[in-house]
Ligand SMILES: Cc1cc2nc3c(=O)[nH]c(=O)nc-3n(C[C@H](O)[C@H](O)[C@H](O)COP(=O)(O)O)c2cc1C
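In structure tokens form, the structure reads like this:
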């Protein structure tokens with residue numbers, strides 16, 4: 080597996096003083112731009128705020144309290160927005176398209192030495208109003224971007240969760256062949 084996949088994670092303790100260089104931000108958005116999409120319809124759009132500007136403030140305002148508690152340490156806040164219709168009608172799979180673009184963006188962030196943490200916990204209606212979004216623009220995800228903070232800065236109430244081992248389903252639970260539920264790669268018995 081490519082090391083980028085292992086290195087990507089969603090920490091909640093970023094370095095509040097770190098900046099995201101413009102070249103890194105541009106590379107991340109370019110990575111998103113090159114994502115595949117249904118019929119090359121390219122539904123992904125991003126609102127990008129840097130700490131201290133009004134875009135950042137507005138995105139921050141839409142975040143749930145739980146997310147505000149840690150995301151204020153992010154140097155950059157983004158809002159991933161999907162375009163849902165074009166001249167031919169509703170775009171098929173627009174949400175899937177935004178997700179593919181956003182995973183590209185996140186992995187590019189990791190390659191830039193940054194972390195990027197996606198958040199569903201935000202108020203999409205508030206975002207619609209604060210940014211005067213057109214009807215066809217649907218806010219889907221917020222993203223906190225920055226540098227990983229110092230371990231000593233992890234807030235006490237998050238420490239256990241942040242330092243717990245990350246878990247995933249075994250391969251035998253997610254990839255089947257022949258019949259539904261029959262693993263393509265059965266778990267190896269321990270040696
Ligand atoms: C669509 C989506 C929405 C998420 N929403 C939140 C959120 O609102 N707040 C949060 O702290 N983490 C959020 N996460 C992060 C997930 O909790 C995290 O990706 C998951 O636990 C796996 O951990 P990892 O990213 O460190 O591998 C979200 C992730 C995704 C992909």
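In this note's numbering, the protein residues as written are 80 to 270. For every residue, glycine included, the Cβ atom is placed at its ideal position computed from N, Cα and C. This one's a predicted model, so the numbers in the text were calculated from it and none came from an experiment.
Spatially closest choice to residue i from the options, by CA coordinates
i           : options               : result
residue 249 : 260, 241 and 240      : 260
residue 236 : 191, 145, 112 and 153 : 145
residue 100 : 125, 90, 130 and 151  : 130
residue 126 : 266, 210, 254 and 256 : 210
residue 267 : 231, 251 and 134      : 251
residue 224 : 233, 186, 165 and 171 : 186
residue 254 : 102, 265 and 214      : 265
residue 87  : 239, 233 and 182      : 182
residue 105 : 177, 188, 174 and 162 : 188
residue 132 : 81, 151, 199 and 110  : 151
residue 42  : 89, 148 and 81        : Nothing about residue 42 can be read from this structure; the chain reaches only from 80 to 270.
residue 102 : 136, 191 and 143      : 191
residue 180 : 168, 162 and 193      : 162
residue 176 : 114, 98 and 81        : 114
residue 216 : 238, 85 and 164       : 164
residue 214 : 262, 169 and 154      : 169
residue 208 : 138, 85 and 231       : 138
Residue(s) in a DSSP beta bridge with residue i
i           : result
residue 147 : Paired residue(s): none; residue 147 is not in a bridge.
residue 126 : 158
residue 168 : 165
residue 224 : 155 and 195
residue 217 : 161
residue 255 : 262
residue 201 : 142
residue 93  : 227
Nearest-angstrom Cβ-Cβ length linking residue i and residue j, presumed shorter than 8 Å
i           : j           : result
residue 111 : residue 184 : 4 Å
residue 173 : residue 234 : In fact, because the Cβ distance is near 36 Å, the residues do not count as touching under 8 Å.
Practice task
Report yes or no: do the segment 216–230 and the segment 158–168 share at least 3 C-beta pairs separated by less than 8 Å?
Solution key: yes
Problem - Three or more C-beta pairs below 8 Å linking the segment 118–133 and the segment 195–204 - result: no
Handout entry: Contact between the segment 226–233 and the segment 87–95 (3+ Cβ pairs under 8 Å)
Key = yes
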